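Participant: Sharing a structure, written as structure tokens. Questions coming.
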Amino acid sequence: GQCITHCPVGALRERDDVDRLFEALADPETVTMVQVAPAVRTAWGEGLGLSREESTTGKLISALRQVGFDYVFDTVYSADLTIMEEGSEFLKRFQDRDSYNWPMFTSCCPGWLRFVKSQYPHLVSNLSTAKSPQQMFGAVAKTYMAQKIGVDPEKIFCVSIMPCVSKKFECDVKQVNDSGYGKDVDLVLTTRELDRLVRADRIKAEALEEEAFDKFFGEGSGAGLIFGSSGGVMEAALRSAYFLLTKKNPKPDAFKRIRGEEGWRSATFEIEGVPINVAVVSGLGNTRKLLEALKRGEVCYDFVEIMACPGGCAGGGGQPIQEGMELAPERGTILYGMDRVAQPRFSHENNAVLLTYEEFLKEPMSERAHELLHTELAEWEIE
Ligand code: SF4
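All you need for full-length UniProt numbering is the position in the sequence shown, starting with 1, plus 191.
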């Protein structure tokens, strides 16, 4: 995704998007809702001259309220939902091994999706059908959330703040962004655009107070938070897959061996005596190396997490740029620190997610979950 940020088309698009947000905020009929991706909270203060200690999630929420959003929610909620779906999907495939192609790949990074669809199209059926957290949030926003907050879904304008430029293109793909009420996600702004917005509104970053996300869809687990770092999706999925299989929680850090800074890491974990081989790659160069090694039969995995940006979304193409500095590891460490003190630390213990199933989706992989939270990647039309 990173190259897009430097091209003039990307810059034009950014200006248009900020204008569209101003229009929505100014319209009294429109209910504006924003979701914030995990990686954004590690970097938003960099572009505003705040120190790491000053740029808390609470102040970020306060800034978004001052910008004028009616509801400030957390993508970590839908990251937990993604884990419930993707973890269940992995187990289903694992228990019916011969019916599927292996390994299963994660599908939450549009940079990776574009790459695999154009360069390795025969591997598309290996991708999890789970939508990304951004798109799951959008699908739930215009259905269940609209009911919950008592708003006509047609009036909702759903915005995401993402560390990523490719997410702007993801919400242009009709096959993933239309649950029946126009676009699920109406607009994506990058972390850099958010910083510009804060400056344009003359919000004093250093004077922001601590605030909390709006109830319910602002709830997230530590597992959902680490989505923003390379390896985090895998670790979150394993924590919940373990629970789904054994009905017991693993130790929250049981799978931390998969963390690290190398662009391609692998590990074998045993769940009830069954070995599961996993790998994590970030950066498209490493991705190509892994796919070629798979083709030559040199490696063999069950589940692989792939992120296009080195270090994962923490190092995403929409994050503030500091010439010559690679900040993904530092920002990733912040997310693991947040996970360590988070309550709960498991996606399957997120109360908002549990209630979403109880009241609306029934269970992971249900018919409604399929309709709203999964997508046929083979049908995506990507330029
Ligand atoms: Fe976007 Fe994250 Fe993928 Fe980078 S790794 S392209 S930031 S989703």
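The beta carbon of each residue, even a glycine, is placed where N, CA and C say it ideally should be. All values derive from a computational prediction rather than experimental measurement.
Quick test of your reading: ILE274 and ALA458, contact by CB under 8 Å. State the CB separation rounded to the nearest angstrom.
Facilitator: That belief does not hold up - the Cβ atoms of ILE274 and ALA458 are roughly 18 Å apart, past 8 Å.
Participant: Take VAL231 and list the residues in its own chain whose beta-carbon comes closer than 6 Å to its own, dropping the five residues that flank it on each side.
Facilitator: ILE352, PRO354, THR382
Participant: For VAL500, write down the residues that DSSP places opposite it in a beta bridge.
Facilitator: According to the sequence as given, residue 500 is Cys; it is not Val. In the DSSP output, where bridge partners are listed per residue, CYS500 has none listed.
Participant: Can you tell me whether ALA533 is helix, strand or coil according to DSSP?
Facilitator: Note: ALA533 maps to coil in three-state DSSP.
Participant: Grouping DSSP H, G and I as helix and E and B as strand, with all else coil, what is LEU545?
Facilitator: helix
Participant: According to DSSP, is ARG305 part of a helix, a strand, or is it coil?
Facilitator: If DSSP states are grouped into helix, strand and coil, ARG305 belongs with the helices.
Participant: Going by the beta-carbon positions, is the gap between GLY422 and VAL350 smaller than 7 Å?
Facilitator: no
Participant: By how many angstroms is the C-alpha of GLU567 removed from the C-alpha of PHE296?
Facilitator: 14 Å
Participant: Less than 7 Å separating the beta-carbons of LEU282 and VAL544?
Facilitator: no
Participant: I'd like to know whether the C-beta atoms of GLY506 and ALA519 end up nearer to each other than 7 Å.
Facilitator: yes
Participant: Can you tell me whether SER290 is buried or exposed, with buried defined as 16 or more other CB within 10 angstroms of its CB?
Facilitator: exposed
Participant: Return yes when the Cβ of GLY329 is within less than 7 Å of the Cβ of ASP375, no when it is not.
Facilitator: yes
Participant: Roughly how far, in whole angstroms, is the beta-carbon of SER357 from the beta-carbon of PRO441, given that I think they are within contact range, below 8 Å?
Facilitator: With 8 Å as the limit, SER357 and PRO441 do not qualify as a contact, their Cβ atoms being about 32 Å apart.
Participant: Taking the Cβ atom as the reference point for each residue, do GLU401 and GLY249 lie within a distance shorter than 7 Å?
Facilitator: yes
Participant: Whole beta strand (DSSP E) runs in the stretch 361-446 with 3 or more residues, listed along the chain?
Facilitator: Segments of the beta strand (DSSP E) lying fully in the stretch 361-446: 378-381.
Participant: Let me check one thing: in DSSP terms, what residues is PHE460 bridge-paired to?
Facilitator: ILE467
Participant: Check whether the stretch 339-348 touches the stretch 384-402, counting contact only when three or more Cβ pairs, one atom from each stretch, lie closer than 8 Å.
Facilitator: Taking a cut-off of 8 Å for Cβ pairs, the stretch 339-348 and the stretch 384-402 do not touch, as fewer than three such pairs fall below it.
Participant: Which of the three DSSP states is assigned to GLU554 in this structure?
Facilitator: coil
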